[in-house]
Amino acid sequence: MSNISNIPLVDVKQQNEELREELQDAFSRVLSSGAYVLGNEVTTFEAEIAQYTQSQHAIGVSSGTDALLLSLMALGIQAGDEVICPTFTFFATAGVISRLGAVPVFCDIYPCCYNISVDDIEHKITEKTKAIIAVHLFGQSANMDEINRIAKQHNIYVIEDAAQALGCRYKGRAVGSLGDCGIFSFYPTKNLGTMGDSGMIVTNNEEFADKARILRVHGASQQYFHEEVGGNFRIDAIHAAILRVKLRHIERYHSARQINAKAIHESLRQYDNVHWSTTYYRSTNRTDSILLDDQQGFLLPSTLPGNKHIYNQFTIRVKGKGQRDSLRRLLSQNNIASAIYYPLCLHLQPCFRTNSTGGDNIKNAIAASEEVLSLPVYPEMTFEQMHHMIDILESFLKT
Ligand SMILES: *Cc1c(COP(=O)(O)O)cnc(C)c1O
Numbered sequence: 134m135s136n137i138s139n140i141p142l143v144d145v146k147q148q149n150e151e152l153r154e155e156l157q158d159a160f161s162r163v164l165s166s167g168a169y170v171l172g173n174e175v176t177t178f179e180a181e182i183a184q185y186t187q188s189q190h191a192i193g194v195s196s197g198t199d200a201l202l203l204s205l206m207a208l209g210i211q212a213g214d215e216v217i218c219p220t221f222t223f224f225a226t227a228g229v230i231s232r233l234g235a236v237p238v239f240c241d242i243y244p245c246c247y248n249i250s251v252d253d254i255e256h257k258i259t260e261k262t263k264a265i266i267a268v269h270l271f272g273q274s275a276n277m278d279e280i281n282r283i284a285k286q287h288n289i290y291v292i293e294d295a296a297q298a299l300g301c302r303y304k305g306r307a308v309g310s311l312g313d314c315g316i317f318s319f320y321p322t323k324n325l326g327t328m329g330d331s332g333m334i335v336t337n338n339e340e341f342a343d344k345a346r347i348l349r350v351h352g353a354s355q356q357y358f359h360e361e362v363g364g365n366f367r368i369d370a371i372h373a374a375i376l377r378v379k380l381r382h383i384e385r386y387h388s389a390r391q392i393n394a395k396a397i398h399e400s401l402r403q404y405d406n407v408h409w410s411t412t413y414y415r416s417t418n419r420t421d422s423i424l425l426d427d428q429q430g431f432l433l434p435s436t437l438p439g440n441k442h443i444y445n446q447f448t449i450r451v452k453g454k455g456q457r458d459s460l461r462r463l464l465s466q467n468n469i470a471s472a473i474y475y476p477l478c479l480h481l482q483p484c485f486r487t488n489s490t491g492g493d494n495i496k497n498a499i500a501a502s503e504e505v506l507s508l509p510v511y512p513e514m515t516f517e518q519m520h521h522m523i524d525i526l527e528s529f530l531k532t
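Quick note: the sequence shown uses my numbering, first residue 134, plus one each step.
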């Protein structure tokens with residue numbers, strides 16, 4: 134169980150153990166129903182997610198990656214089309230673009246919230262641009278008003294990759310409901326995680342929802358009659374049943390993560406070499422000078438005004454050459470896990486070398502990839518574990 138001398142990055146086993154009885158009831162319900170793929174359990178779960186995300190339609194699918202792929206297919210993205218996305222995100226965001234023969238157009242990020250830079254989007258729109266995938270990285274919303282404004286001006290689609298941000302709010306509105314469609318992942322380490330893979334698409338566009346539902350089952354609106362080539366993107370009933378149990382606890386998980394994030398913030402920001410900013414939407418501000426000079430210390434993650442951050446990751450930047458590695462070593466000597474999300478920008482990945490654009494003049498994302506470190510803030514982390522970790526972080530800052 135929880136152990137002060139061993140702090141993992143997440144503890145999905147403990148989270149599920151706490152719900153053992155509720156989960157066993159759910160397993161048993163699915164077992165007796167005989168409906169194991171799609172079916173009533175899925176329809177009910179879809180309605181619950183639609184309500185939670187302030188969306189009219191929800192379509193359960195096999196993974197977050199498949200939710201992205203299916204969204205692009207339902208929007209009619211084809212070979213040769215350009216799709217804009219950040220270079221600093223999980224691979225799936227861009228991988229799905231390439232899988233359709235379309236071209237990922239990589240954009241830089243803002244230095245403090247790690248989300249896509251609107252200035253850079255404006256530079257990289259061409260007459261071939263068909264869509265923007267806005268990622269709500271680490272659990273807080275991208276700059277959606279601006280992204281929607283640009284998209285409207287150029288008549289292009291907006292897909293929200295909210296794989297890390299289910300339950301996150303932007304100016305009081307649910308992410309996923311702000312663009313043409315939004316996607317979620319229920320991979321075990323997301324804020325709402327199942328015991329396997331599954332995902333969801335949400336939308337307020339009925340025509341899009343119908344198309345996605347048909348493509349989810351091999352493009353057949355009537356079984357064995359195929360208008361289009363779709364795929365098997367179906368979600369299993371067992372995941373819907375597990376996730377319905379856990380959805381009842383999601384606000385508690387978010388709150389615990391927020392309390393943990395706040396504890397780190399409040400303890401560390403008294404140090405001279407710790408910085409943070411809430412004004413990271415322009416590239417010329419005070420934060421840039423903090424970021425670009427050679428000083429040592431931490432840059433803490435900041436929450437944009439109007440955002441509810443759900444801290445799927447609590448990601449700091451460790452300034453100074455070799456400092457991130459030193460901190461990781463110190464944490465690991467004390468049995469505290471940490472992770473680098475993400476160590477190599479997508480525009481620099483070998484697989485995108487020849488079939489992407491936009492990679493030149495990317496600066497903030499590369500600097501971030503050299504400095505970021507994600508620290509444990511998972512809901513089951515105890516007060517003692519948190520303060521043990523803060524002690525270690527403080528000892529690092531004092532050396
Ligand atoms: C996890 C994740 C995905 C993919 O979700 P899977 O369910 O693992 O396929 C896509 N985008 C982002 C930003 C993610 O974090």
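Even for Gly, the Cβ is constructed at its ideal location relative to N, Cα and C. The structure presented is a predicted model; accordingly, all values stated were derived computationally and were not measured.
Residue i: CB within 7 Å of a non-hydrogen atom of ligand 1
i, result
"threonine 198", "yes"
"glycine 309", "no"
"threonine 220", "no"
"valine 505", "no"
"valine 268", "yes"
"tyrosine 320", "yes"
"phenylalanine 366", "no"
"valine 330", "With the sequence shown as reference, residue 330 is identified as aspartate, and valine is not the correct amino acid for it. Aspartate 330 Cβ: within cutoff of ligand 1."
"leucine 208", "no"
"aspartate 253", "no"
"leucine 201", "yes"
"alanine 225", "yes"
"aspartate 343", "no"
"alanine 296", "yes"
Helix, strand or coil at residue i [DSSP, three-state]
i, result
"phenylalanine 358", "strand"
"serine 422", "Low confidence applies to serine 422: its pLDDT is 47, below 50, so where it sits in the model is not reliable, and the reading given next is rough at best. DSSP places serine 422 in helix when its eight states are reduced to three."
"histidine 387", "helix"
"methionine 514", "coil"
"tyrosine 185", "helix"
"alanine 470", "coil"
"glutamate 293", "strand"
"serine 318", "strand"
"arginine 153", "helix"
"leucine 506", "strand"
"arginine 377", "helix"
"histidine 269", "coil"
"methionine 333", "strand"
"isoleucine 443", "coil"
"alanine 159", "helix"
"asparagine 139", "strand"
"alanine 275", "coil"
"valine 251", "helix"
"glycine 197", "helix"
"isoleucine 347", "helix"
"alanine 298", "coil"
"leucine 432", "strand"
"arginine 536", "Nothing can be reported for residue 536: it is not among the residues displayed for the chain, which extend from 134 to 532."
"aspartate 369", "strand"
"arginine 450", "strand"
"histidine 480", "helix"
"histidine 382", "coil"
"isoleucine 258", "coil"
"threonine 327", "coil"
"serine 192", "For the sequence presented, residue 192 should be read as isoleucine rather than serine. Of the three classes helix, strand and coil, the one that applies to isoleucine 192 here is strand, per DSSP."
"arginine 415", "Bear in mind that a pLDDT of 45 at arginine 415, under 50, signals an unreliable position, so the number given afterwards is only what the model happens to contain. Coil at arginine 415, not helix or strand."
When the options are compared against residue i, the one with the closest alpha-carbon
i, options, result
"lysine 304", "Pro438, Gly455, Gln482", "Pro438"
"isoleucine 334", "Met328, Thr322, Arg349", "Arg349"
"arginine 346", "Ile258, Val194, Ser471, Ala159", "Val194"
"serine 502", "Pro476, Arg486, Lys454", "Pro476"
"cysteine 218", "Ser274, Met328, Arg381, Val291", "Val291"
"arginine 457", "Ser435, Thr220, Leu506, Phe447", "Leu506"
"alanine 298", "Gly455, Ala374, Trp409, Tyr386", "Tyr386"
"leucine 270", "Ile254, Asn248, Thr262", "Asn248"
"valine 451", "Cys245, Glu215, Arg162, Asn149", "Cys245"
"isoleucine 534", "Phe224, Val236, Ala296", "Nothing can be reported for residue 534: it is not among the residues displayed for the chain, which extend from 134 to 532."
"leucine 156", "Lys379, Leu142, Val238", "Lys379"
"isoleucine 283", "Ser250, Cys314, Gly364, Ala307", "Ser250"
"threonine 220", "Met206, Ile266, Ile280, Ser318", "Ile266"
"threonine 186", "Gly315, Glu151, Leu205", "Gly315"
"proline 509", "Asn393, Gln273, Arg153, Leu432", "Asn393"
"valine 236", "Cys484, Gly213, Ile368, Ile280", "Gly213"
"glycine 300", "Asn288, His287, Lys323", "Lys323"
"glutamate 339", "Ala191, Leu171, Ile375", "Ala191"
8 Å Cβ cutoff, residue i in contact with chain B
i, result
"glycine 309", "Of the chains in the structure shown, none is chain B; there is only one protein chain."
Subject >> beta strand (DSSP E) runs contained entirely in the stretch 205-243, provided each spans 3 or more residues >> reply: For secondary structure counted as the beta strand (DSSP E) over 3 or more consecutive residues, the stretch 205-243 holds these complete runs in sequence order: 215-219, 236-240.
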